[in-house]
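One structure is given below, encoded as structure tokens.
Chains as they are written, first to last, in the numbering used here: chain A, 17 to 326; chain B, 22 to 352.
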């Protein structure tokens, strides 16, 4: 794009460029984040896992579903194949390459985490906006439902929802984990929407005759999103853990040709005394990616805190 | 006919389990086209509530507004939500006290100016941007093209208030209400903003209702002044008469508590005793009586009526300050 020179041109250019809001908030937050070691460590972890998930099918040394080492298992009477050339982490109970399963397993885990968070976020945004913008009986109704959902321990509720489905699959896991997150987002957004509703700039906009629609979507919502953005990174971490817990308890995808960390951890349970490594690797991966998202979330929270802003 | 006729405007705040609180009590005043009218008083005397009531910005629940606010013959209080919304920003503009918190922090200044142009004048975004740059230029913001793309936190306090004034005047409202527009600014900027307001209302022919606790602002700007105490107008006068001969002890006290450069050295300032918080309701006596140096027994027993002293001068006092004979006061 050529640099605009005349005043008219520049104004035309900015008319197009200024339509997206929040640029400045994001820009000033990014400035502070770049210098935060906590954020950078978290970011590196997340990027490593994301890259791994994307290229897993190509870097996995073996087919994660193929029982390459089944002979060893049978010969040694259900013994688990140890580490050996070509199989650096050995095999699992049915002779599949453990490293390949671990690498490919990152796909399912991240998929569940990201989609569960997205669905939870969208659901929470809708309910929170309705509640915060309309107030009155809508607000009371939504908030009572949210209260009920929040009164049940999160993981227990996810199990309950997961158990409703006769044939669990990837989608039911995502659904179970995301529904649990909706009230968290809804409550959070409603709170900051209410604060916005009584803010000076909303009053000023009202005094200019701005219609209720733009008041909500241009003046209240964008100013309420900060805490929600922070929360979503933290929710990413918890939904990965929740999804793993569901799989661990057999409420996940029963098809174990598609590896998933929670399910691998569940399978390792019976042999944890003799082969702790089978539990160590998937558990370690879950903890590490959850840590990555938590670190990013925490530093985002600091960076977006209006008290630190200038 | 006056542009704005406020008659017996009363605002009562009602809260469950609490006695209703009358914040504004039968306030009446007129604003002629192009005129500047001041509403003066301490914090809590009902100035801001009066302005919010005129703009229809008080919460529907909890605030009971009665009386009438005729704007060009239409009673604003009887308008529907939509009807009032269409008038706000177009016929009536408002400038608030704190310029930073009155601007949306996540939207560039430009969009906040164009928003009102798009809303009331059906301008397309591009055309509105050009108009917005003109407006910023008019309120004395240098390099308006660049400022349009900037966010409120990137502007200085004075600049923000200028931007707010530009937004309020974007649709050339016939009435502008300024609620303590200079309180959050430092003194030199205050003077600039007041000069700007004065110039703009003169050039555009906009009538101005100036709400302030600062008599200096009144002296520089207002044609007519209403002094409020405890939700009622206690004295109304033309600016010169008010400063030359304050009749109500409260007005007199306000004037006496301003430091003056021409006062003899060593002369002490005279404060008004007490604060608004400990006032009594107007029933069965004058609300100002507990703080009044002129208070008589009758002041604590009977509510003073509003007397018309002629020449547009109104006074609500049993024992007013005697007019000082031929004192030369320059304002």
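C-beta: ideal position from N, C-alpha, C; glycine also.
On a predicted model such as this, the values are computed, not experimentally measured, just so you know.
Tell me, please, which residues DSSP counts as bridged to residue i.
| i | result |
| --- | --- |
| residue 116(B) | 199(B) |
| residue 233(B) | 61(B) |
| residue 124(A) | Note: residue 124(A) sits in no beta bridge, so no partner. |
| residue 85(B) | 33(B) |
| residue 256(B) | 248(B) and 336(B) |
| residue 109(B) | 113(B) |
| residue 328(B) | 336(B) |
| residue 28(B) | 89(B) |
| residue 48(B) | 30(B) |
| residue 103(A) | 100(A) |
| residue 43(B) | 33(B) |
| residue 87(A) | Answer by DSSP bridge pairing: none, since residue 87(A) is not bridged. |
| residue 96(B) | 91(B) |
| residue 228(B) | 196(B) |
| residue 113(A) | 107(A) |
By the 10 Å Cβ neighbour count, where 16 or more other Cβ atoms means buried, how is residue i classified, buried or exposed?
| i | result |
| --- | --- |
| residue 117(A) | buried |
| residue 180(A) | exposed |
| residue 135(B) | buried |
| residue 201(A) | buried |
| residue 298(A) | buried |
| residue 299(B) | Residue placement at residue 299(B) is flagged as unreliable, the pLDDT there being 49, under the threshold of 50; the coordinate-derived value follows with that caveat. Result: exposed. |
| residue 226(A) | buried |
| residue 286(B) | exposed |
| residue 303(B) | buried |
| residue 315(A) | buried |
| residue 145(A) | buried |
| residue 341(B) | buried |
| residue 214(A) | exposed |
| residue 106(A) | buried |
| residue 245(B) | buried |
| residue 133(A) | buried |
| residue 150(B) | buried |
From residue i to residue j, what does the alpha carbon distance come to, in whole angstroms?
| i | j | result |
| --- | --- | --- |
| residue 37(A) | residue 25(B) | The predicted position of residue 37(A) is uncertain, since its pLDDT is 39 and thus under 50; a value taken from the coordinates is nonetheless stated next. Using only the alpha carbons, I get a separation of about 38 angstroms. |
| residue 103(A) | residue 112(A) | 9 angstroms |
| residue 254(B) | residue 222(B) | 25 angstroms |
| residue 275(A) | residue 151(A) | 46 angstroms |
| residue 10(A) | residue 127(B) | This structure cannot speak to residue 10(A), because chain A is shown only from 17 to 326. |
| residue 238(B) | residue 118(B) | 14 angstroms |
| residue 170(A) | residue 187(A) | 18 angstroms |
| residue 82(A) | residue 273(A) | 8 angstroms |
| residue 37(B) | residue 85(B) | 13 angstroms |
| residue 213(B) | residue 220(B) | 11 angstroms |
| residue 336(B) | residue 257(B) | 7 angstroms |
| residue 176(B) | residue 270(B) | 42 angstroms |
| residue 308(B) | residue 47(B) | 15 angstroms |
| residue 59(A) | residue 251(A) | 16 angstroms |
| residue 70(A) | residue 123(A) | 7 angstroms |
| residue 224(B) | residue 200(B) | 21 angstroms |
| residue 141(B) | residue 321(B) | 51 angstroms |
| residue 259(A) | residue 229(A) | 37 angstroms |
| residue 177(A) | residue 137(A) | 18 angstroms |
| residue 45(B) | residue 93(B) | 23 angstroms |
| residue 59(B) | residue 243(B) | 6 angstroms |
| residue 184(A) | residue 109(B) | 56 angstroms |
Starting from the beta carbon of residue i, find every residue of chain A whose beta carbon is closer than 9 angstroms, and list them in chain order.
| i | result |
| --- | --- |
| residue 269(B) | Within 9 angstroms Cβ-Cβ: nothing; residue 269(B) doesn't reach chain A, min ~31 angstroms. |
| residue 89(B) | What residue 89(B) touches in chain A: nothing, since even the nearest Cβ is about 20 angstroms away. |
Who are the neighbours of residue i on chain A, taking C-beta pairs under 8 angstroms?
| i | result |
| --- | --- |
| residue 201(B) | Residues of chain A passing the Cβ test: none, with the nearest at roughly 12 angstroms. |
| residue 177(B) | Those do not exist, as residue 177(B) stays about 14 angstroms from chain A at its closest Cβ, beyond 8 angstroms. |
| residue 117(B) | 216, 219, 220 and 223 |
| residue 124(B) | 217 and 220 |
Can you list the residues of chain B that residue i reaches, using a CB-CB cut of under 7 angstroms?
| i | result |
| --- | --- |
| residue 238(A) | 127 |
List, in chain order, every chain A residue whose beta-carbon is nearer than 7 angstroms to that of residue i.
| i | result |
| --- | --- |
| residue 101(B) | What residue 101(B) touches in chain A: nothing, since even the nearest Cβ is about 13 angstroms away. |
| residue 356(B) | The structure shown does not extend to residue 356(B), since chain B is modelled only from 22 to 352, so the question has no answer here. |
| residue 360(B) | In this structure chain B extends from 22 to 352, so residue 360(B) is not present and cannot be described. |
Taking Cβ-Cβ distances shorter than 8 angstroms, what residues in chain B pair up with residue i?
| i | result |
| --- | --- |
| residue 227(A) | 106 and 140 |
Task: Where the segment 205 to 228 of chain A meets chain B: residues whose CB sits under 9 angstroms from a CB there - done: 215, 216, 217, 218, 219, 220, 221, 222, 223, 224, 225, 226, 227 and 228
Task: Residues within the segment 233 to 262 of chain A neighbouring chain B, beta-carbon criterion of under 9 angstroms - done: 234, 235, 238, 239 and 241
TODO: Check each residue of the segment 210 to 238 of chain B: if its Cβ is closer than 9 angstroms to any Cβ of chain A, include it; give the result in chain order.
DONE: none
Task: Residues within the segment 61 to 89 of chain B neighbouring chain A, beta-carbon criterion of under 8 angstroms - done: Residues passing the 8 angstroms Cβ filter: 76 and 78.
Task: Against chain A: residues of the segment 177 to 199 of chain B by CB proximity under 8 angstroms - done: 185, 188 and 189
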